[in-house]
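Read through the structure below, which is laid out as C-alpha cells, and then see the notes.
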Ligand SMILES: [Zn+2]
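Residue numbers (the numbering used here): 2 to 367.
The following block contains the structure:
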C-alpha cells in the first residue's frame, strides 16, 4: 500500500509515529487537539469502555442500539472530516475531493484511523465518489468504526451514501454506496454541542526535543501501526483516539432516540466498568497516595486537567479543568471511588461555564 512507508516513519529520538505528530497536539491544559480542524478536541479512551457502553445500553434498553450509535458517529465524523477539508480556505478540500486527491485523502483518513487505534482497514473495492467496500480488522468498537467509515466517505466525496455492514468475530465489512451528490445534513440543530470556555493550564510536559510529543505520551502509549491497535503501556488495555465532539454528539443522538435516562445509564456503565478494572492492590495504592495521582492519566488522554482531588473521611472533592465530558468523567471517577472506598455513596457534579468541572462524593446517601 502506498502509505505503508509513511506509516513506518517514526521519530528518531522518541519513536512516536509520524501521523500523531502531524495530526495531534498535546496541550499544557489537559486537552489534545486535532490539528487542521480548529477547535476539535480528541481524547484517548479504552475501547472496551466504548464497547461496554454500547453493549450495556442495549442490555438495559432491551434491544440493540447499534444503529443509533452508528448514526451518531456518522454525523460527527462527517462534520469533523468536513471541518478538516475546509481548512486552508477550501484549497485543501478542492485538491482532496479531486480525481487525484480523493484516493489519497481516503488513504490518509484510513491511515489516521490506524494510528488512532481504530483497527486495520483494507480496501476491497473502490470507485471514486461512487462506492467503497472496506474490511476493518480488529475494529475498536463495531458501531463506531462503521459510523467513522460512513461519515468520512461521505465527506471526502461530498455525497450522501447508504451503508450496509456485517460483523464477524475479528472484523467488520462495510459497504458504502452513493445515493446522491452533496451531503444532506439531517436535522443539523441536533449537532449543536455546547462548547465551554477553555482554561489555561501549566501541565509543563517534558517534551521530545525533536518532535515535541510529551515523553509522558510516548512512555504510556504504544502504537502497533501494522494492526491499527493502540495499547496503554501502563494498564495493558487497548485504547482508541476519538473526537471529543463525536462522543457528545453520540450521547445526544442516543438520548434523543432512546430517552433522557441514557446519560445516567452511560454514567452507571462507566462507573461499573472503571471499578471492575481497578484491582485491590491499585485501590490500596490510591487510598494511601491519594486520588490526585490516580487522575493524572486524564491529561495524557486529553480528557482534562485534574487540578484538585482531595479526600477526607470519605468525602472526595475533585476539580477538573477543561473536562472532555461531564457524564463520562463522573462515571469514571465514581468507579474509582467505588473501588477505593467500597461504597457508591452520593455524588454531585456540575460543569461551570468558565471551563471546569467540580465533583463531590460522600459515603453518606441522601
Ligand atoms: Zn520525538
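The beta-carbon is built from N, C-alpha and C at its ideal position, and this holds for glycine as well. All values derive from a computational prediction rather than experimental measurement.
How close, in whole Å, do the beta carbons of residue i and residue j come, if the pair is a contact with beta carbons under 8 Å?
| i | j | result |
| --- | --- | --- |
| residue 16 | residue 219 | 6 Å |
| residue 204 | residue 31 | 6 Å |
| residue 131 | residue 123 | In fact, because the Cβ distance is near 19 Å, the residues do not count as touching under 8 Å. |
| residue 245 | residue 22 | In fact, because the Cβ distance is near 20 Å, the residues do not count as touching under 8 Å. |
| residue 335 | residue 359 | 14 Å between Cβ atoms; not a contact. |
| residue 263 | residue 58 | 7 Å |
| residue 311 | residue 361 | That pair is no contact at about 10 Å. |
Measuring alpha carbon to alpha carbon, tell me which of the options ends up nearest residue i.
| i | options | result |
| --- | --- | --- |
| residue 99 | 65, 156 and 52 | 156 |
| residue 176 | 147, 201 and 170 | 147 |
| residue 129 | 74, 160, 317 and 19 | 160 |
| residue 445 | 284, 287 and 73 | An answer regarding residue 445 cannot be provided, because it is not within the stretch 2 to 367 covered by the chain. |
| residue 291 | 316, 206 and 127 | 316 |
| residue 350 | 326, 343, 70 and 10 | 326 |
| residue 222 | 234, 213 and 44 | 234 |
| residue 365 | 336, 311 and 342 | 342 |
| residue 10 | 68, 80, 112 and 27 | 112 |
| residue 354 | 57, 36 and 199 | 199 |
| residue 241 | 285, 269 and 224 | 224 |
| residue 299 | 76, 165, 29 and 313 | 29 |
Kindly indicate which three-state DSSP category residue i falls into: helix, strand or coil?
| i | result |
| --- | --- |
| residue 358 | strand |
| residue 203 | coil |
| residue 9 | helix |
| residue 123 | strand |
| residue 134 | strand |
| residue 314 | coil |
| residue 180 | strand |
| residue 153 | helix |
| residue 14 | coil |
| residue 234 | coil |
| residue 167 | strand |
| residue 365 | coil |
| residue 241 | strand |
| residue 32 | coil |
| residue 281 | helix |
Find out if the Cβ-Cβ distance for the pair residue i, residue j is shorter than 9 Å.
| i | j | result |
| --- | --- | --- |
| residue 103 | residue 138 | no |
| residue 172 | residue 120 | yes |
| residue 152 | residue 229 | no |
| residue 51 | residue 141 | yes |
| residue 323 | residue 202 | yes |
| residue 82 | residue 144 | no |
| residue 49 | residue 239 | yes |
| residue 46 | residue 248 | yes |
| residue 340 | residue 283 | yes |
| residue 215 | residue 116 | no |
| residue 253 | residue 267 | no |
| residue 329 | residue 259 | no |
| residue 276 | residue 344 | no |
Distance, Cα to Cα, residue i vs residue j?
| i | j | result |
| --- | --- | --- |
| residue 281 | residue 118 | 29 Å |
| residue 85 | residue 94 | 8 Å |
| residue 273 | residue 183 | 43 Å |
| residue 150 | residue 163 | 11 Å |
| residue 296 | residue 178 | 44 Å |
| residue 308 | residue 206 | 15 Å |
| residue 125 | residue 226 | 19 Å |
| residue 105 | residue 97 | 8 Å |
| residue 363 | residue 279 | 20 Å |
Please tell me whether residue i has its Cβ less than 9 Å away from any Cβ of chain B.
| i | result |
| --- | --- |
| residue 36 | Chain labels in this structure do not include chain B; a single protein chain is all it has. |
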